[in-house]
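Protein chains in written order, with my numbering: chain A, -13 to 151; chain B, 76 to 504.
C-beta: ideal position from N, C-alpha, C; glycine also.
Below is one structure, written out as C-alpha cells, with a few remarks after it.
Below is the structure:
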C-alpha cells in the first residue's frame, strides 16, 4: 500500500514539525527571558515568532489529531448508545460529517483571512516578513487536517493499532 | 429564542459525542449567522482561527502543558511521595495523607489533574495496599488528591479563566495558592475523619529515622525550585505568565536532565503528549470563542444582569445559583470546556454585582474541581479505574465521598471569606 505508506509518513512529518515548533516555543521564550533578565538583551522578534510557532504547533498537530479522531468529547451516553447499533452507525456518520464541515470551514476561512492580509501587504514589525506567509502555512496544515478527517474513515487509510495515538 | 435553540442544540450535540470543539464552533457559527448573516459569521471563523494561534499570550497554554509533560517524566512524583511518607507515613492514615500532599505538590508543577491521578495511582496505591489500606480510602485519596492540581498554580484552568475574562493571570495564580493549600488541609482532615471512624481503613506505616527523613527531603528541591522560579518570576516582575511558562518548561527539562531521566525517547514522548493536549485544548478554545461571540451578540449577559436587578435577588443568591449550575453541568461536561462555555455568560453578571473577578475565578475553579470526582463523569475516578483495574468503580466513588464534603466546605469558605483568595494578590499589588 504505497499510498498509505506515503500518507502515514506525511502525517508523521507533520507531527514532527508540530513537536519541533512546541520545543522551539519553549526554547525561544526561555532564551528571550534569559537574554533580557541576565544580559539586558532580549530577542526583539521573540514576541512574533512565538505566535507563529504556536500556530504551526496547533495546525501541524491538528493533522494527526484529526486522523486519530482524538478530540475531547463527552462519553457519558456512550454505553447506552452502544445498545442500538443502527442508531449508533447513524450517529457516527453525523458526527463525522460535522467534523468534516467544521474543519473544512476552518481551512477555507484561514485561506480567506490570508488573502485579505495579502492584499494589504502587512508585515511583522521585527521579523520583516509579510503576515500572510505564516497564515498560508496554517491553511496548508488545516487543509491536510481536513483530508485526515476523510482518511480517518477510509478503509485503506484508517489508523491502525500500530500507528499509535 | 435563537439563543435557547443554540444552547439546546449544543447540549444535544455534546451528548451525541460530537467533539466539544466542533459542537461549540458550529453552534456558534450558526447562531452568529442567525443574528448577523452567514457572511459575518464565516468571517469570524477566519479571524478567530488565526488570531487565537497568533496571540503571544495564548502560548502560555502549550508551555505549561509542556512543563507538566516534562515533570511527569522526571521522577519527581515518587520523591515527593517518599518525602511526605517519611514524615507522616507512621500515622494512622499517614500514607493517604502523604498521597494528598504529594498530589498537591505534583499537581502544582504538572498542572494536570488527570496526570497527577494517573501518576500517583502507580506510586501510592501499591504502598497503601502493602500496609493493608482499604480500597475505598486508597483510591479515594488518590482521585481526590489529583484534583488539587487544577487550582494550585500554575494552573491551566486559571489561565483559561484569565484569557476569557481578560484578567491578570499572575494575580489569579497568587489567588489560587491559599485555597489550594486549604484544599490539602481539608482533604487531610477527611482522611483523618475516615480513619477515626474506621481505624482498619488506613493502618500506620513504618516509622522512619531522622536520617531517612532528611534523605527523603533532598528529593523535593526540584519542585520547590521550579515553583519558586515560575511564581517568583511573575511576582518579582521578571516575567509575564507566558515567559514564566517558557522558563518553567525549560527548567523542567533541565531538572529531568539533572536527574538522569532525559533521553530522546522521553523528549519525544513528552512533546507528543504536549502536542496532543495543546491541539485539543486550542481547538476547544477556538470553538468556545465562536460560541462566546454568539453569547455576546445575543446580549445574554446584559439581559441576565437586567433580570437579576429587576428581580431584586440578593447577590449571594446569584452566586449560589451559579455554583448550582456548575455542580449540575459538572455531572455531564469536562471541566475546561464547562468553564469556556459558561464563564463568558456569568462573569459580566458577577462583576455587575460588585464581586471581584479574581475571587470569582478561584471560586469557579474550586467548584469545577468537584466535578472531577463526582458521578457520573468524574474524570479522575475513571482515570483511576483504568489504571487500577482491580478496584471497583463503585468503591472509588464511595471512597471520594468524604473528599466531596471537604470540597463543599472549601467552596463555602471561599464564598464567605473572600480574603482567602484576595489576600495574596492584594498584598503583592
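Under DSSP, residue 116 (chain A) shares a beta bridge with A:109. For residue 444 (chain B), the enclosing alpha helix (DSSP H) starts and ends at 432 to 446. Cβ-Cβ distances below 8 Å link residue 103 (chain A) to 116, 117, 118, 121 in the same chain, with the five nearest sequence neighbours on each side left out; the list follows chain order.
Each of B:331, B:183, B:156 was checked against the Cα of residue 173 (chain B), and the nearest Cα belongs to B:156. Annotation: the continuous alpha helix (DSSP H) that includes residue 476 (chain B) extends over 468 to 491.
Runs of the alpha helix (DSSP H) lying entirely within the stretch 188 to 217 of chain B, each at least 4 residues long, are 188 to 205 in chain order. Taking C-beta separations shorter than 6 Å and ignoring five residues to either side along the sequence, the partners of residue 348 (chain B) in its chain run 144, following chain order. The criterion of a C-beta distance shorter than 8 Å is satisfied by residue 276 (chain B) and residue 212 (chain B). Counting C-beta atoms within 10 angstroms of its own C-beta, residue 465 (chain B) has fewer than 16 neighbours from the protein chains shown and is therefore classed as exposed. Relative to residue 416 (chain B), the option among B:362, B:337, B:469, B:459 whose CA is nearest is B:362. For the 8 Å CB-CB criterion, residue 36 (chain A) and residue 314 (chain B) do not form a contact. At a C-beta separation below 9 Å, residue 430 (chain B) has no neighbours in chain A, since its nearest C-beta there lies roughly 30 Å away. In this structure residue 143 (chain A) is in contact with residue -10 (chain A), their Cβ atoms being roughly 6 Å apart against a cut-off of 8 Å.
Residue-level contact by beta carbon holds for residue 60 (chain A) and chain B, with a gap shorter than 8 Å. Taking a C-beta distance under 8 Å as the contact criterion, residue 345 (chain B) and residue 161 (chain B) do not qualify as a contact pair. In this structure, the beta-carbon distance from residue 239 (chain B) to residue 496 (chain B) does not fall below 8 Å. Excluding residues up to 5 positions away in sequence, 365, 366, 369 lie with their Cβ nearer than 6 Å to the Cβ of residue 103 (chain B) in the same chain. One finds 58, 60 in chain A with Cβ atoms closer than 9 Å to the Cβ of residue 412 (chain B), taken in chain order. In summary, no residue of the stretch 374 to 405 of chain B has a CB separated from any CB of chain A by less than 9 Å.
Pairing residue 382 (chain B) with residue 219 (chain B) gives a Cβ-Cβ distance that is not under 8 Å. Taking a C-beta cut-off of 7 Å against chain A, the contacting residues of the stretch 347 to 359 of chain B are 347, 349, 350, 351, 353, 354, 355, 357, 358, 359, listed in chain order. Within the stretch 63 to 88 of chain A, the alpha helix (DSSP H) runs of at least 4 residues that lie entirely inside it are, in chain order, 64 to 67. Residue-level contact check: residue 241 (chain B) does not touch chain A, since none of the beta carbons of chain A fall below 8 Å from its beta carbon.
In the assembly as shown, residue 138 (chain B) is a buried residue. Its beta-carbon has 16 or more other beta-carbons within 10 Å. DSSP places residue 60 (chain A) outside any alpha helix (DSSP H), giving it a letter other than H or E.
In this structure residue 380 (chain B) is in contact with residue 423 (chain B), their Cβ atoms being roughly 6 Å apart against a cut-off of 8 Å.
Residue state for residue 376 (chain B) is assigned as helix, using DSSP reduced to three classes. Note that the stretch 105 to 112 of chain A touches the stretch 27 to 42 of chain A; at least 3 beta-carbon pairs, one per stretch, sit closer than 8 Å.
Between residue 486 (chain B) and residue 398 (chain B), the gap from beta carbon to beta carbon is short of 8 Å. Excluding its 5 nearest sequence neighbours in each direction, residue 14 (chain A) has C-beta neighbours in its own chain below 8 Å: 29, 32, 35, 36, 39, listed in chain order. In the assembly as shown, residue -12 (chain A) is an exposed residue. Its beta-carbon has fewer than 16 other beta-carbons within 10 Å. In its chain, beyond the 5 residues on either side, -7, 53, 143 have a beta carbon closer than 7 Å to the beta carbon of residue 137 (chain A). Look at the stretch 100 to 123 of chain B: the residues with a C-beta under 8 Å from a C-beta of chain A are 100, 101, 104, 117, 118, 120, 121, 122.
Per the C-alpha coordinates, the member of B:149, B:203, B:350, B:223 positioned closest to residue 294 (chain B) is B:149. Contact check for residue 432 (chain B) against residue 136 (chain B) fails: the beta carbons are separated by 8 Å or more. Comparing alpha-carbon positions, the option among A:12, A:69, A:100, A:50 lying closest to residue 145 (chain A) turns out to be A:50.
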